[in-house]
Amino acid sequence: MKICTIIGARPQFIKAAPVSRAIAEHNRLAEVIIHTGQHFDADMSDVFFKELDIPKPDYNLGINSASHGAMTGRMLEKIEEILIKEKADWVLVYGDTNSTLAGALAAVKLHIPIAHVEAGLRSFNREMPEEHNRVLTDHCADILFCPTQNAVDNLQAEGITNISSTAHQLKSSSAKELPRTVALVGDTMYNAVLQFSEIAQRRSTILEDLGIKPKEYLLATVHRPYNTDIPDNLRNILAAFFEIGELIIFPIHPRTRQRIVEFGLGDPQSEIQNLKFIDPVGYLDMLVLEQNARLILTDSGGMQKEAYFFGIPCVTLRPETEWIETVEAGWNVVVGSDNSVIVKKALNMQPPQAEGGIFGDGHAGERILGLLADAMP
């Protein structure tokens with residue numbers, strides 16, 4: 013059976029690594045990787061394939077730097093051509109990006125079964141493009157791989173209720189006959205953290221290179237349009253970083269750096285003495301930075317989870333989160349872009365003992381592979 017995996021952004025490379033490894037070890041499955049090019053910078057893309065030992069993409073579409081509609085449309089056109097050429101049996105998509113939606117739409121129009129990893133997430137903020145991407149993809153998908161029980165519950169609320177831990181009933185001769193199935197498998201990013209955190213500790217020299225010590229810095233990332241495209245929000249966040257006063261390591265997204273210049277926000281690196289800008293880092297370096305931070309400030313969904321995996325308090329720079337489990341566990345607080353709230357939570361957050369089991373047992377990749385293999389005719 014041939015599985016076409018469609019990825020395009022940094023978090024998807026991480027989510028795909030455990031599944032791609034499991035597929036490679038299976039003698040009856042073959043994987044064709046389509047990289048849309050949504051993250052095209054070497055620091056945002058190439059380094060992750062190398063560090064995570066993901067096979068080199070069979071196709072790189074190079075589609076980026078366009079509006080949401082234009083980007084998704086171009087991806088849809090090119091992915092459709094490849095799926096026809098490769099005679100794909102399944103399409104595997106991850107998360108909630110434009111690449112995810114384009115892959116799902118291309119597959120559903122060709123009547124190719126779709127498996128969605130990280131299904132069922134909801135922020136309930138319809139202003140977020142990711143929210144539309146994930147909802148539409150879920151309603152196209154045939155197998156919905158959920159990372160948490162909350163994700164399963166969200167799908168049930170939308171009428172997707174065929175929940176199963178086995179895929180024997182998935183055997184079908186066509187996508188049209190395939191019963192939609194929801195499977196609680198755990199989180200593949202937890203797989204990746206378990207697989208690579210020890211490797212990261214051995215290989216990474218990022219702390220030494222930056223001259224910092226464990227628990228003596230905060231780690232920040234800002235990349236979502238809610239923060240980067242609204243001048244007041246970006247200004248408030250930078251002001252909060254200044255008021256916090258502690259050393260903040262800030263791997264800066266190219267778009268964020270560009271917006272700081274466009275909005276005339278000065279040179280935060282020189283004006284905010286406790287803020288240290290660095291270029292985007294690879295996965296192994298980021299794991300080490302996360303694991304050794306005193307606290308994480310981010311608008312990234314993946315980093316919210318990774319903070320929880322490592323037992324690091326997290327302040328989420330968004331008005332909501334799809335990872336509500338981390339908030340309920342007391343390790344994540346959602347603050348939006350309010351300057352005073354960011355500062356207050358960063359200086360005073362005291363989470364409880366971490367709870368285990370929210371994101372599974374670290375074997376999501378194997379479960380996904382097993383369900384896909386069971387679906388083979």
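In terms of my numbering, the sequence shown opens at residue 13 and continues consecutively. Glycine is no exception: its CB is placed at the ideal position from the N, C-alpha and C atoms.
- If you compare alpha carbons, which of G369, Q303, T17 and M83 is closest to E210? Residue 210 sits at position 198 when you count from the first residue of the sequence shown. Answer by Cα proximity: Q303.
- Residues that DSSP places opposite T17 in a beta bridge: Here residue 17 refers to the residue found at position 5 when the sequence shown is read from its first residue. Among the bridge pairs identified by DSSP, T17 is matched with I45 and L104.
- Message: For R306 and I26, what's the separation of their Cα atoms in angstroms?
- Response: Numbered from 1 along the sequence shown, position 294 holds the residue referred to as residue 306. Numbered from 1 along the sequence shown, position 14 holds the residue referred to as residue 26. Each residue's alpha carbon lies about 23 Å from the other.
- Query: So what's K188 in DSSP terms, helix, strand or just coil?
  - Reply: Along the sequence shown, read from residue 1 onward, the residue named residue 188 stands at position 176. Residue placement at K188 is poorly supported in this model, since its pLDDT is 47, which falls under 50; the coordinates still yield a value, given next. For K188, the secondary structure class from DSSP, reduced to helix, strand or coil, is helix.
- Query: Residues in its own chain within less than 7 Å of L113 by CB, not counting five upstream and five downstream?
  - Reply: Here residue 113 refers to the residue found at position 101 when the sequence shown is read from its first residue. Excluding sequence neighbours, L113 sits near T84, N145, L148 and T149.
- Based on the DSSP output, what are the partners of Y71 in its beta bridges? Looking up residue 71 in the sequence shown gives position 59. According to DSSP, Y71 bridges with I46.
- Continuous beta strand (DSSP E) stretch holding I260: start and end: Reading the sequence shown from its first residue, position 248 is the one you call residue 260. In the DSSP assignment, I260 falls within the unbroken beta strand (DSSP E) covering I260 to P263.
- Query: Can you list, in chain order, the residues of its chain whose CB lies under 8 Å from that of T178, leaving out five sequence neighbours each side?
  - Reply: Within the sequence shown, numbered from 1, the residue matching residue 178 stands at position 166. Summary for T178: the model assigns pLDDT 46, below 50, so the residue's position carries little reliability; its value from the coordinates is reported in the next sentence. Excluding sequence positions up to five before and after T178, its CB lies within less than 8 Å of the CB of L383 and D386, all in the same chain and listed in chain order.
- What residue ranges within the segment 285-346 form continuous alpha helix (DSSP H) runs of no fewer than 4 residues, ordered along the chain? DSSP runs (the alpha helix (DSSP H)) wholly in the segment 285-346: 295-304, 313-322 and 336-340.
- Message: Rounding to the nearest angstrom, what Cα-Cα distance links I91 and G223 in this structure?
- Response: As a working note, residue 91 is residue 79 in the sequence shown. As a working note, residue 223 is residue 211 in the sequence shown. Their backbone Cα atoms lie some 44 Å apart in a straight line.
- Message: At 4 residues or longer, what runs of the alpha helix (DSSP H) sit wholly inside the segment 134-174?
- Response: When DSSP assignments are scanned along the segment 134-174, the uninterrupted stretches of alpha helix (DSSP H) that are 4 or more residues long and fall wholly within it turn out to be 141-152 and 161-169.
- Are the Cβ atoms of I75 and T109 separated by less than 7 Å? Along the sequence shown, read from residue 1 onward, the residue named residue 75 stands at position 63. Along the sequence shown, read from residue 1 onward, the residue named residue 109 stands at position 97. Remark: C-beta atoms of I75 and T109 do not approach each other more closely than 7 Å.
- Task: Specify, as a first and last residue, the run of the alpha helix (DSSP H) that T240 falls within.
- Result: Here residue 240 refers to the residue found at position 228 when the sequence shown is read from its first residue. T240 -> alpha helix (DSSP H) spans P237 to T240.
- Task: Tell me, to the nearest whole angstrom, how far the beta carbon of E309 is from that of A232; I am working on the premise that it is less than 8 Å.
- Result: Start at 1 with the first residue of the sequence shown, and residue 309 comes out as number 297. Start at 1 with the first residue of the sequence shown, and residue 232 comes out as number 220. At residue 309 the sequence reads Leu, which differs from the Glu that was named. About 4 Å separates the beta carbons of L309 and A232, which is inside the 8 Å limit, making them a contact pair.
- Message: Measuring alpha carbon to alpha carbon, tell me which residue in I261, G348 and L64 is nearest F289.
- Response: Position 277 of the sequence shown holds residue 289. Cα-wise, what sits closest to F289 is I261.
- Item | N- and C-terminal bounds of the alpha helix (DSSP H) containing V234 | As a working note, residue 234 is residue 222 in the sequence shown. Here V234 belongs to no alpha helix (DSSP H), and DSSP marks it neither H nor E.
- Query: Should R236 and D291 be called a contact, given that it needs their Cβ atoms to be closer than 7 Å?
  - Reply: The sequence position of residue 236 within the sequence shown is 224, counting from 1. The sequence position of residue 291 within the sequence shown is 279, counting from 1. No, the pair does not count as a contact, with Cβ atoms beyond the cut-off.
- Task: Measure the C-alpha to C-alpha separation of C16 and D279 and round it to an integer number of angstroms.
- Result: Sequence index remark: in the sequence shown, residue 16 carries index 4 (1-based). Sequence index remark: in the sequence shown, residue 279 carries index 267 (1-based). Straight across, the Cα-Cα distance linking C16 with D279 is about 44 Å.
- Message: Going by beta-carbon coordinates alone, are I18 and V105 separated by less than 7 Å?
- Response: Mapped onto the sequence shown, residue 18 falls at position 6. Mapped onto the sequence shown, residue 105 falls at position 93. The beta carbons of I18 and V105 sit closer together than 7 Å.
- State the Cα-Cα distance for the pair L250 and D244, rounded to the nearest angstrom. Mapped onto the sequence shown, residue 250 falls at position 238. Mapped onto the sequence shown, residue 244 falls at position 232. Cα-Cα distance, rounded: 10 Å.
- Task: Using the Cα positions of D373 and G198, report the straight-line distance between them to the nearest angstrom.
- Result: For the purposes of this step, residue 373 is taken as residue 361 along the sequence shown, with counting starting at 1. For the purposes of this step, residue 198 is taken as residue 186 along the sequence shown, with counting starting at 1. Roughly 7 Å separates the two Cα atoms.
- Query: What is the C-beta distance between V339 and V347, in whole angstroms, given that I count them as a contact (C-beta under 8 Å)?
  - Reply: The residue given as residue 339 occupies position 327 in the sequence shown. The residue given as residue 347 occupies position 335 in the sequence shown. The C-beta distance from V339 to V347 rounds to 11 Å, too long to meet the 8 Å contact threshold.
- What residues match up with V194 in a beta bridge as DSSP calls it? On the sequence shown, residue 194 is found 182 positions in, with the first residue counted as 1. Beta-bridge pairing by DSSP links V194 to L156 and I175.
- Would you report the Cα separation of M298 and S32, rounded to the nearest angstrom? The residue labelled residue 298 in the question sits at position 286 within the sequence shown. The residue labelled residue 32 in the question sits at position 20 within the sequence shown. Cα to Cα, the separation comes out at about 21 Å.
- Message: Distance check for H123 and K188, CA to CA, integer angstroms please.
- Response: Looking up residue 188 in the sequence shown gives position 176. Looking up residue 123 in the sequence shown gives position 111. Residue placement at K188 is flagged as unreliable, the pLDDT there being 47, under the threshold of 50; the coordinate-derived value follows with that caveat. K188 and H123 have their C-alpha atoms roughly 7 Å apart.
- Task: With H128 as the anchor, note down where its beta strand (DSSP E) starts and where it stops.
- Result: Residue mapping note: residue 128 aligns to position 116 of the sequence shown, counting from 1. Where H128 is concerned, the enclosing beta strand (DSSP E) stretches over I126 to V129.
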